[in-house]
Amino acid sequence: MTDDTRELGPLRIGEQPSDSSFLSILVGRGAQPSWELGNAEVPSVPEATTVLALTWEGGVVMAGDRRATAGNIIAHRRVRKVYAADDHSAVAISGTAGMAVELIKLFQTELEHYEKIEGSRLSLEGKANYLARMIRGNLALAFQGLVVIPIFCGFDHVTASGRLFSFDVVGGTYDEQHYATTGSGGMEARGFLKTAWRDDLNRDQAVAVAVEALVAAAEEDAATGGPDPRRGIYPNVLIVTAEGVTELEDDELSGIVTSVMEQRP
633 MTDDTRELGP LRIGEQPSDS SFLSILVGRG AQPSWELGNA EVPSVPEATT
683 VLALTWEGGV VMAGDRRATA GNIIAHRRVR KVYAADDHSA VAISGTAGMA
733 VELIKLFQTE LEHYEKIEGS RLSLEGKANY LARMIRGNLA LAFQGLVVIP
783 IFCGFDHVTA SGRLFSFDVV GGTYDEQHYA TTGSGGMEAR GFLKTAWRDD
833 LNRDQAVAVA VEALVAAAEE DAATGGPDPR RGIYPNVLIV TAEGVTELED
883 DELSGIVTSV MEQRP
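Using the working numbering, the first residue of the sequence shown is number 633, and each one after it goes up by one.
Structure representation (structure tokens):
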């Protein structure tokens, strides 16, 4: 594996498209994705809110609530904010929902394309660096309020541990130690994780902590949707280990949510 992402940067004037970068091929043919274009003012659009990730002894748990808001309106109640990026990494989105989903789909395609062309995977740092470049490519629209800020995590086979990366609006990348949050309820979720995280959490404990952090955020942030068992709405939760990425089913989450809610003061 390698950290080298030189071939994965945006195409510059006078450069030829790189076979290793699907995005560079699109740009070289004048077919760049719409999230890189536009200068006009935009109306209020759905925003994805709170997502988080935390490490446990076997890897990483990543979770997100399901609510999207447009101003003071609940736009959607079942938005997916947590996705597998490839077999051993995952990404969660916050910010402008439609653009974030498009960016993540392109990121997934980039990782698959690179692996097919080069015959090897990017290192975890290489993936995080490329995602940062994609965020930076959206900077012009971010100044207009169309902000996309994800969290990235994965299992690092070099260190045999789960790792987390957070980002800022200009594409800055930060290697987080134990947990990371973003979105409108990110501060509330981080405050909870600061007291609840331990380095000896097992899988079930880490999932329960992630769910309770989202519940704590929903109690303070109106844009964050807490679990709604009556409607069958539960957080999206992915677990990343050395074996791969697994998504928790609602049947398992319902029991965890019930236990968390019963123990909340």
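Quick reminder that beta carbons are idealized off the backbone N, C-alpha and C, glycines included.
Using 10 angstroms around the beta-carbon of residue i, count the other beta-carbons present and answer buried if the total reaches 16, otherwise exposed.
{"i": "Met633", "result": "With a pLDDT of only 45 at Met633, under the threshold of 50, the placement of this residue in the model should not be trusted; the figure read from the coordinates follows. Burial call: exposed."}
{"i": "His720", "result": "buried"}
{"i": "Ser891", "result": "exposed"}
{"i": "Gln895", "result": "exposed"}
{"i": "Asp718", "result": "buried"}
{"i": "Asn770", "result": "buried"}
{"i": "Arg795", "result": "buried"}
{"i": "Asn671", "result": "The predicted position of Asn671 is uncertain, since its pLDDT is 48 and thus under 50; no value can be drawn from it."}
{"i": "Thr728", "result": "buried"}
{"i": "Ser726", "result": "buried"}
{"i": "Tyr866", "result": "buried"}
{"i": "Val802", "result": "exposed"}
{"i": "Phe775", "result": "exposed"}
{"i": "Thr827", "result": "exposed"}
{"i": "Tyr746", "result": "buried"}
{"i": "Ser798", "result": "buried"}
{"i": "Val790", "result": "exposed"}
{"i": "Glu647", "result": "For Glu647, the predicted model reports a pLDDT of 42, less than 50, meaning its position is unreliable and no value from the coordinates is stated."}
{"i": "Lys748", "result": "exposed"}
Over the uninterrupted beta strand (DSSP E) stretch that includes residue i, give me the two end residues.
{"i": "Thr687", "result": "Val683 to Trp688"}
{"i": "Gly876", "result": "Gly876 to Glu879"}
{"i": "Ala695", "result": "Gly691 to Gly696"}
{"i": "Ala855", "result": "No beta strand (DSSP E) contains Ala855, which DSSP labels as neither H nor E."}
{"i": "Ile871", "result": "Asn868 to Thr873"}
So what does DSSP say about residue i, is it helix, strand or coil?
{"i": "Arg795", "result": "strand"}
{"i": "Ser752", "result": "coil"}
{"i": "Ser891", "result": "helix"}
{"i": "Ile781", "result": "coil"}
{"i": "Phe787", "result": "strand"}
{"i": "Asp832", "result": "coil"}
{"i": "His720", "result": "coil"}
{"i": "Val801", "result": "coil"}
{"i": "Ala812", "result": "strand"}
{"i": "Val711", "result": "coil"}
{"i": "Gly727", "result": "strand"}
{"i": "Asn704", "result": "coil"}
{"i": "Leu738", "result": "helix"}
{"i": "Leu643", "result": "The predicted position of Leu643 is uncertain, since its pLDDT is 39 and thus under 50; a value taken from the coordinates is nonetheless stated next. It is coil, neither helix nor strand."}
Report the CB separation of residue i from residue j in whole angstroms; it is logged as a contact under 8 Å.
{"i": "Ala850", "j": "Gly817", "result": "7 Å"}
{"i": "Ala760", "j": "Phe784", "result": "5 Å"}
{"i": "Val841", "j": "Ile888", "result": "Going by Cβ atoms, the distance from Val841 to Ile888 rounds to 10 Å, so no, they are not a contact pair."}
{"i": "Leu763", "j": "Pro782", "result": "7 Å"}
{"i": "Val877", "j": "Ala702", "result": "Incorrect: roughly 30 Å between the Cβ atoms, too far for contact."}
For the alpha helix (DSSP H) containing residue i, name the first residue and the last one.
{"i": "Val839", "result": "Arg835 to Glu852"}
Practice item. Decide if the region 694 to 704 is in contact with the region 731 to 740; the criterion is three or more beta carbon pairs, one per stretch, under 8 Å apart. Key: Result no; under three Cβ-Cβ pairs closer than 8 Å.
Practice item. Assess, as a yes-or-no matter, whether the region 870 to 881 is touched by the region 683 to 693 under the definition of 3 or more beta carbon pairs within less than 8 Å. Key: Taking a contact to require three or more Cβ pairs closer than 8 Å, the region 683 to 693 and the region 870 to 881 qualify as touching.
Check your understanding: Would you say the region 813 to 828 touches the region 680 to 690, given that touching needs at least three Cβ pairs under 8 Å?
Key -> In the pairwise beta carbon analysis, the region 813 to 828 is classified as touching the region 680 to 690: at least three pairs are separated by under 8 Å.
Check your understanding: Counting Cβ pairs, one atom from each stretch, are 3 or more of them under 8 Å apart for the region 818 to 827 and the region 849 to 865?
Key -> Output reads yes: the region 849 to 865 touches the region 818 to 827.
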